[in-house]
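1485 is the number of the first residue of the sequence shown in the working numbering; add one for each residue after it.
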Amino acid sequence: MEGLMMEPEGKHRNSIMKQRILAVFGLVEIVLRCTLTMNDFQGLMMVEGLITELEVWKLHRQTLKVNRGQNPFQGHSNKPKYG
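In structure tokens, the structure reads:
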């Protein structure tokens, strides 16, 4: 039984340790890539959300102008169209 439980020695042990270290670095790389991908995706979602909010605000502003009888596609003038 003792022979089965012995640790490998010399070059074989170094080879096993090297494989373990490479495996750990491989896992770290995978986790890092997944994290960065999720952050990029989240950033894109936030940008899309801000653009959507801006578009809603512009649409609301145009609606207010139409309700006041103004041209919604003109500059920032607050003068009524007919007045």
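Glycine included, every Cβ here is placed at the ideal spot set by N, Cα and C.
Within the same chain, show all residues whose beta-carbon is closer than 7 Å to that of L1548, passing over the 5 residues directly before and after it, in chain order.
Counting only Cβ-Cβ distances below 7 Å, and skipping sequence neighbours, we find nothing.
Helix, strand or coil: which one does DSSP assign to N1555?
N1555 falls in the coil class under three-state DSSP.
Whole angstroms are fine: how far does the CA of V1531 sit from the CA of M1522?
So the alpha carbons of these two residues sit roughly 14 Å apart.
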